[in-house]
Structures are given as structure tokens and as C-alpha cells.
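Enquirer:
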Amino acid sequence: MRRNHDHANHLRPAGVSGESQTVDLPEDVALALYDGLTNSRAATGPKAEDFDGLLASTSLLSRLIAHLTLSRERHIAAADATSPHANRRAIGIAAGMQPSQLGVVLERNGRPRSRRA
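Each residue of the sequence shown is one higher than the last, beginning at 5 in the working numbering.
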């Protein structure tokens, strides 16, 4: 995603040719997404000042977080499924999870919590 002067945010997944897709986002949500993807700076506060604007941004961020959480869990399970000896410690570090949290996520996504059985 790249911010440009007309405040349109263009998304083009890597390896996908064709037209980019334009997504209209509130400025604070666009900045949070961009900064999170690029790890460029700490989270900033909201730009909206009115209740409706803050509520809309909160709702959008909540849906995005839920979607990204599900996607992350599927990536974790897929990484674990690559080999019976996949490095779960490395997976946990990449996911920012403790071993117990990782086990719950793996089990929830059809993978064994423990390989000891």
C-alpha cells in the first residue's frame, strides 16, 4: 500500500499482476495499517475527533484485526504442516506467541497441540 497525494490507498498483492484496487480508508486507519506493515513507527492516536468518526474507525479496525488474526492462525497451521519436524519455536517467535498459546492455535486449526503422542 502506498499513500499518495489524493489520499487514495492502493493495494496490490505481491506476485499479482493487473490493476491495483483502491480502498477508501479513514486517514488514521490507513496510517495504522501502513505503519504496521512497514514497522515504520509507533502506533499513533486517532485523527477523528467526533464520536461517529471514532466509532467508524474503531469498527473498521476491529474487523481488520479479526480478519488478520484468522489469517495469522491459518499461516501458523500451514507452517506447522510443512514438516513433522517444523520448528515450532521459530513459528511461535514469528507469531509473537508463548508455547501454550501456539498449542491452542494449532489445535484450533486441526494440528496436534503436542507431537509427543
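A virtual CB, placed ideally from N, CA and C, is assigned to each residue, including glycine.
Pull up the CB-CB distance for D32 and K51, whole angstroms please, since I reckon it's below 8 Å.
Expert: Indeed, because the Cβ distance is near 4 Å, the residues count as touching under 8 Å.
Enquirer: In chain order, what residues of the same chain lie with their CB nearer than 8 Å to the CB of A90, ignoring the 5 residues before and after it?
Expert: A83 and D84, listed in sequence order.
Enquirer: Within a Cβ cutoff of 7 Å, which residues of the same chain sit near E53, ignoring the five residues on either side of it in sequence?
Expert: Answer for E53: no residue qualifies.
Enquirer: Which ranges would you report for the alpha helix (DSSP H) in the stretch 65 to 111 if only whole runs of at least 4 residues count?
Expert: Entirely contained in the stretch 65 to 111, the alpha helix (DSSP H) runs reaching 4 residues are, in chain order, 92 to 99.
Enquirer: Are the CB atoms of G96 and L110 nearer to each other than 7 Å?
Expert: Not in contact: G96 and L110 (Cβ atoms no closer than 7 Å).
Enquirer: Near P116, what residues of its chain come up, given a Cβ to Cβ distance below 6 Å and the 5 sequence neighbours on each side ignored?
Expert: Excluding sequence neighbours, P116 sits near nothing in its chain.
Enquirer: Label I69 either buried or exposed according to how many other C-beta atoms from any shown protein chain fall within 10 Å of its C-beta, with 16 as the threshold for buried.
Expert: Per the 10 Å Cβ criterion, exposed.
Enquirer: From the DSSP output, in three-state form, read off T48 for me.
Expert: In this structure, T48 counts as coil in the three-state DSSP scheme.
Enquirer: Please list the terminal residues of the continuous alpha helix (DSSP H) segment that includes E31.
Expert: Unbroken alpha helix (DSSP H) run through E31: E31 to T42.
Enquirer: Whose C-beta lies closer than 7 Å to the C-beta of L58 among residues of the same chain, with five residues either side of it excluded?
Expert: Same-chain partners within the cutoff: P50 and A52.
Enquirer: By Cβ distance below 8 Å, which residues in the same chain neighbour R78 in space, the five residues on each side in sequence not counted?
Expert: These residues qualify, in order along the chain: N113.
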